[in-house]
Structure formats: C-alpha cells, structure tokens
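Student: Numbering-wise (my numbering), the sequence shown opens with residue 87 and increments by one. The C-beta atom is built at its ideal place from N, Cα and C for all residues, glycine as well. All of these numbers come straight from a predicted model, not from anything done at the bench. Supplied in structure tokens, the structure appears directly below.
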Amino acid sequence: MTTHHVPDNLPGKLQHFIGGELVDSLSAKTFDVLDPVSNTPYVTAAAGQAEDVDLAAAAARKAFVEGPWPRMAARARAKVLNRIADAVEAQDERLAELETFDTGLPITQALGQAHRAAENFRFFADLVVAQSDDTYQVPGRQLNYVHRKPVGVAGLITPWNTPFMLESWKLAPALASGCTVVLKPAEFTPLSASLWAGIFAEAGLPDGVFNLVNGFGEEAGDALVKHPDVPLISFTGESTTGQTIFRNCAAGLKGMSMELGGKSPAIVFADADLDAAIDSTLFGVFSLNGERCTAGSRILVERPVYDEFCSRFSERARRIVVGDPFDPATEVGALVHPEHYAKVMSYVELGKTEGRLLAGGGRPPGLDTGNYVAPTVFADVAPDARIFQEEIFGPVVALTPFGTDEEALALANEVKYGLAAYVWTPKLERAHAFAQSVEAGMVWLNSHNVRDLRTPFGGVKASGLAQEGGYRSLDFYSHQQAVHVTLGPVHTPRFGTVQKGQS
Ligand code: NAD
Numbered sequence: 087m088t089t090h091h092v093p094d095n096l097p098g099k100l101q102h103f104i105g106g107e108l109v110d111s112l113s114a115k116t117f118d119v120l121d122p123v124s125n126t127p128y129v130t131a132a133a134g135q136a137e138d139v140d141l142a143a144a145a146a147r148k149a150f151v152e153g154p155w156p157r158m159a160a161r162a163r164a165k166v167l168n169r170i171a172d173a174v175e176a177q178d179e180r181l182a183e184l185e186t187f188d189t190g191l192p193i194t195q196a197l198g199q200a201h202r203a204a205e206n207f208r209f210f211a212d213l214v215v216a217q218s219d220d221t222y223q224v225p226g227r228q229l230n231y232v233h234r235k236p237v238g239v240a241g242l243i244t245p246w247n248t249p250f251m252l253e254s255w256k257l258a259p260a261l262a263s264g265c266t267v268v269l270k271p272a273e274f275t276p277l278s279a280s281l282w283a284g285i286f287a288e289a290g291l292p293d294g295v296f297n298l299v300n301g302f303g304e305e306a307g308d309a310l311v312k313h314p315d316v317p318l319i320s321f322t323g324e325s326t327t328g329q330t331i332f333r334n335c336a337a338g339l340k341g342m343s344m345e346l347g348g349k350s351p352a353i354v355f356a357d358a359d360l361d362a363a364i365d366s367t368l369f370g371v372f373s374l375n376g377e378r379c380t381a382g383s384r385i386l387v388e389r390p391v392y393d394e395f396c397s398r399f400s401e402r403a404r405r406i407v408v409g410d411p412f413d414p415a416t417e418v419g420a421l422v423h424p425e426h427y428a429k430v431m432s433y434v435e436l437g438k439t440e441g442r443l444l445a446g447g448g449r450p451p452g453l454d455t456g457n458y459v460a461p462t463v464f465a466d467v468a469p470d471a472r473i474f475q476e477e478i479f480g481p482v483v484a485l486t487p488f489g490t491d492e493e494a495l496a497l498a499n500e501v502k503y504g505l506a507a508y509v510w511t512p513k514l515e516r517a518h519a520f521a522q523s524v525e526a527g528m529v530w531l532n533s534h535n536v537r538d539l540r541t542p543f544g545g546v547k548a549s550g551l552a553q554e555g556g557y558r559s560l561d562f563y564s565h566q567q568a569v570h571v572t573l574g575p576v577h578t579p580r581f582g583t584v585q586k587g588q589s
C-alpha cells in the first residue's frame, strides 16, 4: 500500500471553456475521471459532443475574424505570452500536484514538466518578436516579400502523457502566430488543463482566443477534426489515431502536424562510456513511467559488452524506486489508467515468452493496488518479437545484441517507427555515420535526451508528419503569402494589341 495524497480544493466538476465562459455540455453528458493510485473516480468532466465543438469553433472563429489577437503586433502578443509563462511558473507546485494526482507521474518529474511548459511560452514570445521574413529583390524591377498571416482557428488534440507540457507545446506557437484555438485534452487526464482558462485570463488573453472542449476522441476530437471552420489540426498521440485523423482531414484538405508513437533504439557500441550509457538508457526508458514518446525502449548492445551491460543495467533497474507518485524519492510512479496498465501488463507477460526476463516482470512487491509496474528488462529479444516491434509505452525495455555496425543499423531501422535514436560511442566518424543513416527524426550522440527548443522536433515513418520546433512551429500556424510589387515600368506581354489581318 502507498499513501494516497489527494490535493486540496479539487474542482467539483470539469467544464468546457468557450468564448470566455466555463460551460457544461449542451447535452449535459459527463464522464468519470480516475486517479491512477486509487483507480476511483474523483471528478466528472463534461463530455463534449459535436454541438459543443460547434460553439467552441464559432467563438474561436469570431475572435479570429473580429478580435484583436491576430492583428496585434508581435511584441504585444509576446507580452501576453510572457505573462502566461510567469503565471505558469508562479503556480508550478500546484500544477505539478494536479498533474501527479491525475497522471501518476513522479512529482519531481511533473515539476520539471511545469517549468518546461513555462519555457515554451517564453521561447515562442522571443521567437515571434525576433522573426524575420524573406524579401527578394530584382533590382530596379521588382520587390517580392513574404507577408505572414495566422492560418485561423487551430484544433489542438493532445495525449495523456505529460498533458500540460504537451498542451503548452501547441498552445504557445499557435497563440504566438496569432491563431485562435480549440484544445481537446486527453480524456484520461483533463485536470491540469482546467488551469489554462485562469492563467490566460490573468495574462490578458482576449476572450474567445482560447477555447477548450473536454471529451472523448471519437466524439469531441472527431468533431474538431471534421469542423469546417478549423483549417488546421495539430495532433499528438498514437500512430493509429493519427491515421484516422489523417483520413478525416483529407475531406477538408486541412493542414496537419502529427507527432505519433515511437520504438526508439539506443545503440551502445563496445567502446562506449558504459557508465554514462547505462545512466542515460535507464533514464531514457524508465523516466515519465516509460510513458514517453522518445523512450529508448530497444537497447542494442555490441556483443563484447552485452553481458556486462545486461547485468549492470538490470541490477540498476531492480533498484529503481517505484511507488507513491507524491514521494520525492519515487522514480517510477503509477501508470495513467487501468486500461493502459492492462495493456502494459499484457506485454510484460508476452515478453516472458519472447525474451529472457532480467528484472521486474509484474507488479512490484508491496504495491497491491494502483497501476504499478516494476521496471521490466528483457534480454536476447529477437527483432521479430512483438516487444521489439510494438510501442508498449510503459516501463519495459528490450535488449538485443549485435555484431557489426551494419547489423546495428539494420536492427535500429527494422521497425515501423522512426522518432528518436541514441548512439553511444566515442568514435566521431562512426557516431555521425550512424546518426545520418538511422531512420529517426532526432538523434542524440553520447547524450541524454535534452533538446534546445530551436531544433526540429518530430519523427519519420509511422512516428509523424511535418516537424515542429522553433520557427517550424510558427510556419505551421502561419500562411506565408507572397506579395510581388513592380518598381519600374510594367513589362507585360500585350494581349489584344495585334490589328485584324496582321500576323
Ligand atoms: P491517443 O491517440 O489514444 O489519443 C490522443 C488524443 O487523440 C486524445 O486527446 C484522444 O481523445 C484523441 N483522439 C482519439 N481518437 C480520436 C479521433 N478519432 N479523432 C480525433 N481525436 C481523437 O494517444 P494517447 O494514448 O493519449 O497517447 C499516447 C501516444 O501518444 C503514444 O503513442 C505516444 O508515443 C504518443 N506521443 C507522441 C509524442 C510525439 O511527440 N511524437 C509525444 C507524446 C505522446
């Protein structure tokens, strides 16, 4: 048993936020939200239907067409974004408390995510002010310049892992660009999103610019994707959901950005700094409860150090502190929801038939309730094993040996995903050659997963479409209109000037 911390002053219910007002669903439908330690409902949330999405899209459209936000100078919008960052920072502990309660993420990691959310707003405030657009001159004849305009109402659909931070990742560039938004947070974890309305109001964001509709993906999410007044969708979630949304966006020819699943490899060569590689690969797959899109969930190890790596890695995995997400000593908390817990546990059982169990393998001793999974390590996993191929999204890792660089590359690329890769070797040529050949949107060489916000973020293959990050995010939420001006006499071929009978 662990203690069960319940935050004070939890909201009595979670509503939509439309046009500056907190409202219930028109149908009055609601759904229960569970916390992952007790697995009992602690609040009901409004279950948004198509008619609620209609209202939210109409409010966002009105704010876009008639309101000041899209027309404000970048500096003025940036001031609001910086005040949003201040407000997020000022309530970082409350935010982390709500996030940990709702998601089961360890409190220290939830606090880090709150700071990253504030940083996202500060970063896009800076970027939008510093942004320059292209101008092309044909001396004496023509000037061509790019006039950047916000696209319109952005539909933002987010998953339940690090919900508040991932919402900020979309909200900050969308708002910086001058778009108005409708956010549909994940149904497993709507609690922290309920703070946005207050944060935005305090920062001076005009009513109608930010709208939030709670509800299920198949109802509220689907209606948002299909809404005719929503010209672009930014989605983060599973690859199969991405395929459905892609199909539904096709009908409206909508702009799309998709950050999807992963099964990222960490490649440890025999010459690697094993201490650093073990620290990083452990954190890479077990932080955020393993519910991390960029988790290094397949570790490929060169044969001469494979046995040593397996034994040192699994020994550390067995010592990871699993338990009460509110305990600052906890390293792995409770998985988000009983359905997800059942899915991860089914992979743990499958792994026992597909690999050699070195650590974990089920519920940790002494934690009889709550969605706890012991960090689980399988060795000798063949590349055709399902635990090698499929995203588990929990604290489960597959270790596989390799002989040559070519074999390592083939193993790394042999899955449908291509989000991240981690390479451990001191040899520069080997590291760069590998980085440039591996099918991954992002590669870390001898590095822990840290990312400068200016760099592209996204995956290839089944891991995503259209990279965001830095100015790419501003590009996604903007139209870049080309304006062409003639400077001298107009040189136009003169149609209709030939007299009849002349050739
Ligand atoms: P999910 O695809 O089940 O749900 C994500 C969101 O989509 C939720 O808000 C859900 O309600 C909504 N949704 C579901 N069906 C929909 C539909 N038909 N139309 C519109 N919206 C719909 O994903 P999840 O289980 O919440 O999140 C975990 C997944 O997210 C993992 O695959 C993980 O790798 C991925 N992820 C990717 C990144 C990245 O940057 N690449 C980051 C975080 C998470």
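Hey, would you say D138 sits closer than 8 Å to A306, going by beta carbons?
Tutor: The answer is yes: Cβ separation under 8 Å.
Student: Using CA atoms only, rank isn't needed, just tell me which of P411, H426, L436 and G489 is closest to L453.
Tutor: Cα-wise, what sits closest to L453 is P411.
Student: Is it buried or exposed for G370, if we count other Cβ within 10 angstroms and need 16 for buried?
Tutor: Buried, because 16 or more other Cβ atoms sit within 10 Å of the Cβ of G370.
Student: Whole-angstrom Cβ separation of V311 and A143, contact assumed at under 8 Å?
Tutor: 11 Å between Cβ atoms; not a contact.
Student: Just to confirm, does T327 get its C-beta within under 7 Å of one of the non-hydrogen atoms of ligand 1?
Tutor: Yes, ligand 1 has a heavy atom inside 7 Å of this Cβ.
Student: Is the Cβ-Cβ distance between F562 and S343 less than 8 Å?
Tutor: Yes, they are a contact pair.
Student: Tell me the DSSP secondary structure of H426 in three-state form.
Tutor: Helix, per DSSP.
Student: Between the alpha carbons of A352 and T490, how many angstroms are there, rounded?
Tutor: About 15 Å.
Student: For the structure I just gave you, are there three or more beta carbon pairs, one from the segment 532 to 551 and one from the segment 385 to 392, closer than 8 Å?
Tutor: Not touching, per the Cβ criterion.
Student: Cutting at 8 Å between CB atoms, please list the residues of its own chain near A517, excluding the five before and the five after it.
Tutor: If we look at A517 and ignore the five residues flanking it on each side, its Cβ neighbours are V509, T511, L531 and N532.
Student: With DSSP as the reference, label E183 as helix, strand or coil.
Tutor: In the structure shown, E183 sits in a helix (DSSP, three-state: H, G or I).
Student: Got a sec? Which residues, its chain only, sit under 6 Å from H423 by beta carbon, not counting five neighbours each side?
Tutor: Excluding residues within five positions, the ones whose Cβ falls inside 6 Å are F274.
Student: For ligand 1, I want to know if L252 counts as a neighbour, meaning its beta carbon is within less than 7 Å of at least one of the ligand's heavy atoms.
Tutor: Because some heavy atom of ligand 1 lies under 7 Å away, the Cβ of L252 counts as near it: yes.
Student: How should E183 be labelled, buried or exposed, when 16 other C-beta atoms within 10 angstroms of its C-beta is the threshold for buried?
Tutor: Classification of E183: buried, given that the 10 Å Cβ count is 16 or more.
Student: Could you tell me the alpha carbon to alpha carbon distance between A428 and A445, rounded to whole angstroms?
Tutor: A428 and A445: Cα-Cα distance of roughly 19 Å.
Student: Can you tell me whether H570 is buried or exposed? The criterion is at least 16 other CB atoms within 10 Å of its CB, across all chains shown.
Tutor: With fewer than 16 other Cβ atoms within 10 Å, it is exposed.
Student: Since E107 is in the alpha helix (DSSP H), which residue starts that stretch and which ends it?
Tutor: From DSSP, E107 is part of no alpha helix (DSSP H) but of the beta strand (DSSP E) over E107 to V109.
Student: On a Cα-Cα basis, can you pick out the residue from V123, A164 and T221 that is closest to D413?
Tutor: Checked all of V123, A164 and T221; the closest Cα to D413 is V123.
Student: Would you call the segment 238 to 254 and the segment 211 to 227 in contact, with 3 or more CB pairs under 8 Å?
Tutor: Cβ pair count under 8 Å is below three, so no.
Student: Spell out the partners DSSP gives R442 in its beta bridges.
Tutor: For R442, which the question treats as bridged, DSSP gives the partners A465.
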